[in-house]
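Participant:
Protein chains: 2
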Amino acid sequence: MINYLVDGIRKKEAPIVVGLDPMLKYVPEHLKKEAFAAFGETPEGAAEAIWQFNKQIVDAVQDLVPAVKPQIAMYEQFGVAGVQAFQKTVDYCRSKGLVIIGDIKRGDIGSTSEAYAVGHLGQVQIGESRFYGFHEDFATVNPYLGSDGVKPFLKVCAEEKKGIFVLVKTSNPSSGEFQDQMIGDKTLYTLVAEKVAQWGEEVMGDTYSYVGAVVGATYPEMGAALRKVMPKTYILVPGYGAQGGKGSDLKAFFNADGLGAIVNSSRGIIAAYQQEKYAQYGAEHFAEASRAAVLDMKEDLRQAWER
Amino acid sequence: MINYLVDGIRKKEAPIVVGLDPMLKYVPEHLKKEAFAAFGETPEGAAEAIWQFNKQIVDAVQDLVPAVKPQIAMYEQFGVAGVQAFQKTVDYCRSKGLVIIGDIKRGDIGSTSEAYAVGHLGQVQIGESRFYGFHEDFATVNPYLGSDGVKPFLKVCAEEKKGIFVLVKTSNPSSGEFQDQMIGDKTLYTLVAEKVAQWGEEVMGDTYSYVGAVVGATYPEMGAALRKVMPKTYILVPGYGAQGGKGSDLKAFFNADGLGAIVNSSRGIIAAYQQEKYAQYGAEHFAEASRAAVLDMKEDLRQAWER
C-alpha cells in the first residue's frame with residue numbers, strides 16, 4: 016500500500032491528503048436540512064448529513080489527490096450511526112481508488128492491539144471465514160505503550176501489505192509537554208522516531224517502509240531533524256493551514272527526491288466555502304470550493320519546493 | 016461518578032472491575048452455535064455471540080462488583096456490528112447500576128479530543144437537541160499528546176460528572192521502552208503522574224478526583240511510588256491474574272483507608288470455565304464459573320490486605 020501511495024503522489028503530483036473530519040458546523044445548511052427531514056435531528060440524521068457532505072467532497076477532489084484521512088472521532092461522536100457513516104465513507108473512497116488513512120490513533124497491547132489492527136486494517140477470523148472490518152489502508156498509532164502496542168499492527172501490515180503512521184511529534188501546542196522532554200541527550204520524540212525506523216525495517220516497501228510517522232507541520236525544524244533519523248519513513252504531516260503550518264515550512268519534511276512526506280489539510284479544504292477567499296462559491300457549491308482549495312494548496316506546495 | 020464508584024466499592028466490598036473483553040475463543044460453543052444459526056458465521060453472528068456471552072456474565076456477577084470495563088477493541092474488530100454489541104453491552108450494564116469504564120485509550124487534540132469525549136462520555140449537539148453517544152461513565156485516555164488531548168475530556172467530565180483514567184504506567188512488558196525513560200531525575204511515567212494529579216485538581220469528587228490513572232499490577236514497586244505522587248487519584252490496575260499480577264502485589268496501589276484503587280480482571284473471570292480450577296462448571300455454566308472466579312478474587316484481595 017505504501018508503494019501504491021507513493022505512485023499516487025507521483026502521478027497526481029500532489030503530496031496531499033484530504034482530512035475528512037466533518038464537524039456538523041462545516042456541513043452546509045441545505046445538506047443538514049435534507050438529512051434531518053429524512054432522519055430527524057438525531058444521530059442518524061447527523062450521520063446522513065456528514066456522509067452526504069463527504070461524498071460530494073470526495074467526488075470533487077478524487078482526481079486531484081491520492082489519499083484521504085477520515086478522523087474517526089468526528090464519526091464516533093454520533094455513536095453507532097456515526098461509525099456507520101465512517102464505514103460508508105471508507106468504502107466509497109476505496110471505490111474511487113483513494114488510499115484511506117484511518118486517523119484512529121489507537122494503541123493498546125498484545126491481543127487488544129491485534130484486535131484494533133484486525134478491525135481496521137486486516138481480517139477477523141469467524142468460524143471458517145475471514146472478514147474485513149473497517150478496511151482502511153493505513154492507521155495512525157499511538158506509541159506510548161511501546162513495541163507491545165505496535166508489533167501486532169506490523170504483523171497485520173505484513174499480511175495485508177498495509178501500513179501505519181506512528182505519532183512521533185504531534186502538531187498541537189502542548190505536544191512538547193512529554194514529547195520534547197530530554198532523555199539523556201535526545202528528546203522523547205527522537206527516541207520514538209528511532210524506534211519507528213527500527214520497526215519499519217521489518218516491513219519495507221520498494222523505497223519506503225510500511226511504517227510511517229506523524230510529525231506536525233507546526234514544528235519544521237524538528238521535521239528536518241526527524242527526516243534524517245527516519246530516512247525510509249513516510250511522514251504524515253498534519254497542522255498545515257488552519258493550525259498554522261505554512262507551505263514554506265514543509266520542504267524540511269521531504270527527501271531530496273521530492274518524496275517522503277504527505278501533507279494533510281482538513282478544515283482548510285472541506286470547509287473552504289466558509290472562508291472569505293472561496294466565498295464566491297456559496298454553500299450550494301461547497302465541493303467546488305474544496306476543489307479550488309486543493310488546487311491552491313498544490314500550488315503553495317509547488318512554490319515552496321521551488322524556493 | 017467517582018463518588019458513585021467509591022460507594023459501590025465500599026458497599027460491595029470489592030475493589031474489582033470485570034473486564035468485558037469477549038474474544039470469540041472465550042465464548043462457549045453453544046452460544047456461538049446459536050448466534051451463527053441466526054446470523055451466519057458473519058460479523059453480525061460474532062457480535063450476537065459476544066453480546067449474549069456478556070449478558071450472562073453480567074447477570075452472574077452484577078451483585079458482586081461495582082464496575083465493568085469493556086475493551087472496545089474486542090468489539091471494533093467486528094466492524095459496525097461489533098460496535099453495536101459494545102453499545103448494547105454498555106446499555107445493559109447501566110440498566111444493572113454498574114459503573115462502565117470504557118477501555119478506549121483514546122487521545123487526540125482540541126476539537127478531535129472533544130469529539131471523543133462527547134461521543135463516549137457526554138452529549139453531542141444536533142440542531143436543538145443533545146444526545147448521548149456510547150454513554151460510558153469513565154474512559155481511558157492516552158497522554159502522549161499532552162494537556163491539549165486531556166483538557167477537552169476534563170470539560171466534558173465536569174459537565175457530566177464523569178471521569179477518565181489516564182495511562183501512566185501500563186502493565187505490558189515493553190511499557191518501559193518510553194514510560195521508564197529518565198527525564199532529569201524522574202521517569203516519564205512519574206512526569207505523567209504529576210500531570211494527572213494536577214489535571215485532577217480541577218475536577219474533584221468528595222475524596223477522589225474525576226481524573227484517575229492506569230498503573231499495571233505487574234509493577235507493584237512503581238505502584239507504591241505512584242500512589243504517593245497521586246494521593247487523590249483513583250488507580251485502575253490492569254494485569255492481575257492472566258498477565259501475572261498477584262493479590263499480594265496489590266496492596267501498594269491502595270491508600271491506608273483501603274480505597275484508591277480498583278483492580279481489573281478480564282480473562283481470569285470471563286473465561287474462568289476454561290481454567291482447570293473451574294472446569295467442573297462446564298461450558299454450559301460458564302457464567303457461574305465467572306461468579307466463582309469473582310468470589311475467589313475478592314478473597315485473594317482480602318487476604319492480601321490482611322497480610
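Line by line, the protein sequences give chains A and B.
When the letters of the first sequence are read in order and numbered with our numbering, they come out as residues 16 to 322.
When the letters of the second sequence are read in order and numbered with our numbering, they come out as residues 16 to 322.
The beta carbon of each residue, even a glycine, is placed where N, CA and C say it ideally should be.
Would residue 183 of chain B pass as a contact of residue 159 of chain B if the rule is Cβ separation under 7 Å?
Facilitator: For residue 183 of chain B and residue 159 of chain B, no; Cβs fall outside 7 Å.
Participant: Mind checking which residues open and close the beta strand (DSSP E) that includes residue 138 of chain B?
Facilitator: First-last of the beta strand (DSSP E) with residue 138 of chain B: 138–141.
Participant: Determine, using beta-carbon pairs with one atom in the region 127–140 of chain A and one in the region 92–104 of chain A, whether at least three such pairs fall under 8 Å.
Facilitator: Touching, no.
Participant: How would you list, in chain order, the residues of chain B whose beta-carbon sits under 7 Å from the beta-carbon of residue 157 of chain A?
Facilitator: Result: 122, 157 and 159.
Participant: Does any CB atom of chain B fall closer than 7 Å to the CB of residue 58 of chain A?
Facilitator: True, the Cβ-Cβ gap to chain B drops below 7 Å.
Participant: Mind checking which residues open and close the beta strand (DSSP E) that includes residue 84 of chain B?
Facilitator: Counting along the chain, the beta strand (DSSP E) containing residue 84 of chain B begins and ends at 82–85.
Participant: Residue 206 of chain B: which of A:165, A:149, A:74 and A:192 sits nearest, CA to CA?
Facilitator: With distances taken between Cα atoms, residue 206 of chain B lies closest to A:192.
Participant: Which residues share a DSSP beta bridge with residue 286 of chain B?
Facilitator: DSSP lists no partner for residue 286 of chain B.
Participant: Thinking just about the alpha-carbon of each residue, which of A:75, A:299 and A:265 is nearest to the one in residue 315 of chain A?
Facilitator: Considering only alpha carbons, the answer is A:265.
Participant: Should residue 213 of chain A be flagged as near chain B, meaning a C-beta pair shorter than 7 Å?
Facilitator: No, residue 213 of chain A does not count as interfacial toward chain B.
Participant: With a cut-off of 8 Å, do at least 3 Cβ pairs link the region 110–117 of chain B to the region 74–89 of chain B?
Facilitator: As far as the Cβ criterion goes, the region 110–117 of chain B touches the region 74–89 of chain B, which means the pair count is three or higher.
Participant: Measure the alpha-carbon distance for residue 165 of chain A versus residue 88 of chain A and round it to whole angstroms.
Facilitator: C-alpha separation (whole angstroms): 21 Å.
Participant: What does a CB cutoff of less than 6 Å around residue 172 of chain A pick up in its chain, not counting 5 residues either side in sequence?
Facilitator: Here the set comprises 178, 218 and 225.
Participant: Looking at the unbroken beta strand (DSSP E) that takes in residue 60 of chain B, where does it start and where does it end?
Facilitator: Element bounds for residue 60 of chain B: not the beta strand (DSSP E) but the alpha helix (DSSP H), 58–76.
Participant: Expressed to the nearest angstrom, what Euclidean distance is found between the alpha-carbon atoms of residue 58 of chain A and residue 230 of chain A?
Facilitator: So the alpha carbons of these two residues sit roughly 33 Å apart.
Participant: Under DSSP, the beta strand (DSSP E) around residue 279 of chain A begins and ends at which residues?
Facilitator: 276–280 is the span of the beta strand (DSSP E), which, as asked, contains residue 279 of chain A.
Participant: Using a Cβ-based criterion (distance less than 6 Å to any ligand heavy atom), does residue 115 of chain B qualify as near the ligand HEM?
Facilitator: Absence of the ligand HEM from the depicted structure is noted, as is the absence of any ligand whatsoever, leaving it without description.
Participant: Is the CB-CB distance between residue 157 of chain B and residue 157 of chain A below 7 Å?
Facilitator: Yes.
Participant: Taking 7 Å as the threshold (C-beta atoms), are residue 180 of chain B and residue 202 of chain B in contact?
Facilitator: In this structure, residue 180 of chain B does not lie closer than 7 Å to residue 202 of chain B by Cβ.
Participant: List, in chain order, every chain A residue whose beta-carbon is nearer than 9 Å to that of residue 196 of chain B.
Facilitator: The answer, in chain order, is 196, 198, 199, 203 and 206.
Participant: Please state the DSSP three-state secondary structure of residue 152 of chain A.
Facilitator: Correct three-state label for residue 152 of chain A: coil.
Participant: Touching or not, the region 292–309 of chain A and the region 48–57 of chain B, by the rule of three or more beta carbon pairs under 8 Å?
Facilitator: Too few Cβ pairs lie closer than 8 Å, so no.
Participant: Where are the beta strand (DSSP E) runs, 3 residues long or more, that stay fully inside the region 175–208 of chain B, in chain order?
Facilitator: Counting whole runs of 3 or more residues, the region 175–208 of chain B contains the beta strand (DSSP E) stretches 178–184.
Participant: Are the region 69–76 of chain A and the region 119–132 of chain A in contact at 8 Å, needing three or more beta carbon pairs?
Facilitator: No, the region 69–76 of chain A does not touch the region 119–132 of chain A.
Participant: Helix or strand or just coil, what does DSSP make of residue 42 of chain B?
Facilitator: Here residue 42 of chain B sits in coil by DSSP.
Participant: Residues of chain A with a CB under 9 Å from the CB of residue 163 of chain B: which are they?
Facilitator: Within chain A, the residues near residue 163 of chain B are 185, 187, 188, 189, 190 and 192.
Participant: Could you give the first and the last residue of the continuous beta strand (DSSP E) run that contains residue 240 of chain A?
Facilitator: That residue, residue 240 of chain A, is in no beta strand (DSSP E); its alpha helix (DSSP H) goes 235–244.
Participant: Does the distance from the C-beta atom of residue 32 of chain B to that of residue 92 of chain A stay below 7 Å?
Facilitator: Not a contact, by the Cβ cut-off of 7 Å.
Participant: What is the rounded straight-line gap between the Cα of residue 292 of chain A and the Cα of residue 145 of chain A?
Facilitator: Approximately 48 Å, taken between the alpha carbons.
Participant: So what's residue 118 of chain B in DSSP terms, helix, strand or just coil?
Facilitator: Three-state DSSP puts residue 118 of chain B in a strand.
Participant: Go ahead and label residue 221 of chain B buried or exposed: buried means 16 or more other beta carbons lie within 10 angstroms of its beta carbon, across all protein chains shown.
Facilitator: By the neighbour-count rule (16 or more Cβ atoms within 10 Å), residue 221 of chain B is not buried but exposed.
Participant: For a contact defined as C-beta to C-beta under 9 Å, what are the partners of residue 51 of chain B on chain A?
Facilitator: Ordered by position in chain A, the residues that pass the 9 Å Cβ test against residue 51 of chain B are 141 and 142.
Participant: Taking only three categories from DSSP, how would you classify residue 130 of chain A?
Facilitator: Helix, per DSSP.
Participant: Could you check which residue in A:228, A:197, A:190 and A:46 has the C-alpha nearest to that of residue 208 of chain A?
Facilitator: Comparing Cα positions, the closest option is A:228.
Participant: Have a look at B:317, B:245, B:244 and B:275 and flag the residue whose alpha-carbon is nearest the alpha-carbon of residue 261 of chain B.
Facilitator: Among B:317, B:245, B:244 and B:275, the Cα nearest to that of residue 261 of chain B belongs to B:317.
Participant: Any C-beta of chain A sitting closer than 7 Å to the C-beta of residue 181 of chain B?
Facilitator: No, residue 181 of chain B does not count as interfacial toward chain A.
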